[in-house]
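S.K.: The structure is given below, and queries will be raised subsequently.
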Amino acid sequence: MTTYTSDQRRHTSETAETMADVRYEIDRIDRLLVEILAERQSFMDAAARIKPDRSKVYDADRIEDVVAKVKAACQGAGLSPAIAEPVWRKLIERCIAYEFGSYDTRRGGDV
Ligand SMILES: C=C(O[C@@H]1C=C(C(=O)O)C=C[C@H]1O)C(=O)O
């Protein structure tokens, strides 16, 4: 199971006083995001292993399902959907490209 390593939080957005404070927290959060995205990426390898054929790697219905769920989660979390939607659409696009690569590597390039 993945565990996330995190530097100590020093400030909240309310207590930060300097740009050094702000950037320390942004850099800390970015390292966490990298760990979380690496775990998400690992499930692309799992999907490439499980999917029965290459035509299933790109799933338009599932893409819309993922984006809708992310937008719903934004409401509760206070994340702007204007940030989230394009970020997730690009993330999914790159994850699918990764999954195609994983699928082809696993099956020796056979299509
Ligand atoms: C992981 C999957 O494969 C692809 C990757 C997706 C994602 O990154 O969320 C969504 C749809 C699929 O085209 C899946 O089908 O769920």
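Numbering-wise, the sequence shown is residues -5 to 105 according to my numbering.
The C-beta atom is built at its ideal place from N, Cα and C for all residues, glycine as well.
1. Quick one: what does DSSP say Gly70 is sitting in, helix, strand or coil?
2. So Lys84 is in the alpha helix (DSSP H); what residue range does that whole segment cover?
3. Name the residue from Ser36, Ser74 and Trp82 whose alpha carbon lies nearest to the alpha carbon of Glu93.
4. Among Gly72, Leu31 and Gly95, which residue has its Cα nearest to the Cα of Lys84?
5. When we look at the beta-carbon of Met13 and count the other beta-carbons within 10 Å, is it buried (16 or more) or exposed?
6. Beta-carbon within less than 6 Å of Asp39's beta-carbon, same chain only, minus the 5 sequence neighbours each way: which residues are those?
7. What's the gap between the Cα of Ala42 and the Cα of Val51?
8. Is Val61 closer than 8 Å to Glu79 when the C-beta atoms are compared?
9. Between Arg22 and Asp1, is the Cβ-Cβ spacing less than 8 Å?
10. Sort Ala76, Leu26 and Arg56 by Cα distance to Lys65 and report the nearest one.
11. Would you tell me roughly how many angstroms separate the C-alpha atoms of Cys68 and Trp82, rounded to the nearest one?
M.R.: Working from what's here:
1. Within the sequence shown, the letter at position 76 stands for residue 70. In the structure shown, Gly70 sits in a helix (DSSP, three-state: H, G or I).
2. Counted from its first residue, the sequence shown places residue 84 at position 90. Here the alpha helix (DSSP H) through Lys84 covers Pro75 to Arg100.
3. Sequence index remark: in the sequence shown, residue 93 carries index 99 (1-based). Taking only the C-alpha atoms, the option nearest Glu93 is Ser36.
4. Against the sequence shown, residue 84 aligns to sequence position 90. It is Leu31.
5. Taking the first residue of the sequence shown as 1, we reach residue 13 at position 19. Around the C-beta of Met13, fewer than 16 other C-beta atoms lie within 10 Å, and the residue is accordingly described as exposed.
6. Counting from 1 along the sequence shown, the entry for residue 39 is found at position 45. These residues qualify, in order along the chain: Ser96.
7. Looking up residue 42 in the sequence shown gives position 48. Looking up residue 51 in the sequence shown gives position 57. Distance between the alpha carbons of Ala42 and Val51: 7 Å.
8. Position 85 of the sequence shown, counted from the start, is the residue given in the question as residue 79. Position 67 of the sequence shown, counted from the start, is the residue given in the question as residue 61. The answer is yes: Cβ separation under 8 Å.
9. Within the sequence shown, numbered from 1, the residue matching residue 22 stands at position 28. Within the sequence shown, numbered from 1, the residue matching residue 1 stands at position 7. Against a cut-off of 8 Å, the Cβ pair of Asp1 and Arg22 comes out as a contact.
10. The count along the sequence shown starts at 1 and reaches residue 65 at position 71. Among Ala76, Leu26 and Arg56, the Cα nearest to that of Lys65 is on Ala76.
11. Locating residue 68 in the sequence shown gives position 74, counting from the first residue. Locating residue 82 in the sequence shown gives position 88, counting from the first residue. Approximately 12 Å, taken between the alpha carbons.
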